[in-house]
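S.K.: There's a structure below that I have some questions on.
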Amino acid sequence: MPPLHRAIRCARLDVAARLLDKYQADINSDYASKTPLLLAIELRYPEAIEFILRYESVDINCCDFGGNGILSLAVTNGSLAIVERLLRFGSVNINHQSPNGASAVFHALEHGQFYMLQLLLSDSRTNVNVKNYAGQTPLHVAVRRGDYVGIQIMAKHSRTDVNCVDQNGDTPLLLAVKSFNRGGSIQSVDSLLLNRDLNINHQDSDGRTALWHAIKHGDTSLVELLLRQNNLTLNDVDRWGFTPLARGVENESILLVKLLLRQPGISINACSNDVVPPLWAACCAGRYDAVTLLLGQSSIDVNEKGPSGTTPLQVATINGHSLIVSALLHHMS
133 MPPLHRAIRC ARLDVAARLL DKYQADINSD YASKTPLLLA IELRYPEAIE FILRYESVDI
193 NCCDFGGNGI LSLAVTNGSL AIVERLLRFG SVNINHQSPN GASAVFHALE HGQFYMLQLL
253 LSDSRTNVNV KNYAGQTPLH VAVRRGDYVG IQIMAKHSRT DVNCVDQNGD TPLLLAVKSF
313 NRGGSIQSVD SLLLNRDLNI NHQDSDGRTA LWHAIKHGDT SLVELLLRQN NLTLNDVDRW
373 GFTPLARGVE NESILLVKLL LRQPGISINA CSNDVVPPLW AACCAGRYDA VTLLLGQSSI
433 DVNEKGPSGT TPLQVATING HSLIVSALLH HMS
């Protein structure tokens, strides 16, 4: 171990000063992929960091062998005093990203260092919407982790873009709803909905909205939460022509269909030839309860054709859904 590194490790700053001032030791010398500054951060040794930063030749933006910057390392080590000191250093690269795209903000989230996260966010130099290798912002990461506190902090911050998309075209809200059946929480979705700039109707690369995915999951509480939002649109069509209602009638949960049918502005029939009629979808899937609900709507078009060019009666007959065939014939008589 070089003398300067040994002096830092042994807390002998007097020796370190002599090595630097009298013997012109290299303050940026590397040993085991660590400069003296990186070593001091690893040791959580604020006095040594203060001492080293007094030298103008110090490389404030050095990295460890993994490409992590000094702020990321300080955050990872839980060194609040060191993070505060480094942030006062004007030339520190607060947005340095490691090879996987993680900056200090990402590390603060992933290690649950919420005070440090707020400290970083309070600095105007921090890019709060920086993206990692997956095109995800810190808010995306908080959502993916199901980190309710992290989501609240990020979503409330004035510079956070709550509608930023990742490489899959997902906003944080879409990511939260899509992951709902994999341990996601309604609190995560609710926290995002509190942001006034949120685009609740953003469509992913398949043209599907948060409501569409909530219907797919079949969770009543999640669907009800979305339906309470004033600016929600109900009839967005995905790339295969399915609206949330057309998707909903394929589910086994008839309650979701009832919820949708009670919404003002819901389109019971297809609005164009490219849209799958909900009645046709229900007949094709053999959902008798959904068919009877739709037939009870005064404006239902029982002859609207689906993607195959068949009517609801024809597709029900082809698929052998005899009860549905009887219900359709009774309605048409």
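Residue numbers (the working numbering): 133 to 465. Backbone N, C-alpha and C fix where the C-beta goes; we use that ideal spot for every residue, glycine too. Just so we're clear, the structure is a prediction, and the values are computed from it rather than from any experiment.
Using the Cα positions of E174 and I332, report the straight-line distance between them to the nearest angstrom.
M.R.: Near 43 Å, if we compare the C-alpha coordinates of I332 and E174.
S.K.: Helix, strand or coil: which one does DSSP assign to Y163?
M.R.: It is a strand residue.
S.K.: My output table needs one value for G267: the three-state DSSP class, helix, strand or coil.
M.R.: Coil at G267, not helix or strand.
S.K.: Give the C-beta separation of I159 and Y187 to the nearest angstrom, bearing in mind that I take them to be a contact with Cβ-Cβ under 8 Å.
M.R.: The Cβ separation is near 5 Å, so the contact holds.
S.K.: Quick one: what's got a C-beta closer than 6 Å to N327's C-beta in the same chain, skipping five residues either side?
M.R.: For N327, where only same-chain residues beyond five positions count, the Cβ hits under 6 Å are A287 and V294.
S.K.: For the candidate residues S454, T424 and C416, whose alpha-carbon lies nearest to that of G438?
M.R.: Among S454, T424 and C416, the Cα nearest to that of G438 is on C416.
S.K.: For L393 and S431, I'd like the C-alpha separation in whole angstroms.
M.R.: For L393 and S431, the distance between alpha carbons rounds to 12 Å.
S.K.: Taking the C-alpha atoms as reference points, what is the distance between A234 and Y265?
M.R.: If you take the alpha carbons of A234 and Y265, they lie about 8 Å apart.
S.K.: Just how far apart, CA to CA, sit V273 and H463?
M.R.: One C-alpha to the other measures close to 51 Å.
S.K.: Measure how close the beta-carbons of L387 and T352 come, nearest whole angstrom, since I'm counting them as under 8 Å.
M.R.: Yes, they are in contact, since the Cβ atoms of L387 and T352 sit about 6 Å apart, within 8 Å.
S.K.: Using the C-alpha atoms, what's the distance from Q268 back to V297?
M.R.: Cα to Cα, the separation comes out at about 7 Å.
S.K.: Beta-carbon within less than 6 Å of D370's beta-carbon, same chain only, minus the 5 sequence neighbours each way: which residues are those?
M.R.: Within the same chain, D370 has close Cβ partners D338, G339 and R340.
S.K.: Among L169, D153, L152 and F238, which has the Cα closest to the Cα of R141?
M.R.: For the residues L169, D153, L152 and F238, the minimum Cα distance to R141 belongs to L169.
S.K.: Let me check understanding here. Comparing Cα to Cα, which of S223, G210 and Q229 lies closest to G198?
M.R.: Considering only alpha carbons, the answer is Q229.
S.K.: For G428, is the classification buried or exposed, using 16 other Cβ atoms within 10 angstroms of its Cβ as the cut-off for buried?
M.R.: Per the 10 Å Cβ criterion, exposed.
S.K.: Can you tell me the Cα-Cα spacing of D433 and N401, whole angstroms?
M.R.: In a straight line, the C-alpha of D433 is about 6 Å away from that of N401.
S.K.: If you scan the stretch 224-254 from start to end, which runs of the alpha helix (DSSP H) of 4 or more residues do you find wholly inside it?
M.R.: The stretch 224-254 contains these whole alpha helix (DSSP H) runs: 236-242 and 246-253.
S.K.: Give the single residue among E242, K263, I226 and D279 whose Cα lies nearest to the Cα of S254.
M.R.: Looking at the Cα atoms, I226 is the closest of the given residues.
S.K.: Let me know the secondary structure DSSP gives G418 once reduced to three states.
M.R.: Looking at G418 - three-state DSSP - the assignment turns out to be coil, as it is neither helix nor strand.
S.K.: Rounding to the nearest angstrom, what Cα-Cα distance links H289 and K390 in this structure?
M.R.: Their backbone Cα atoms lie some 37 Å apart in a straight line.
S.K.: In whole angstroms, what separates the C-alpha of L359 from that of R220?
M.R.: Cα to Cα, the separation comes out at about 46 Å.
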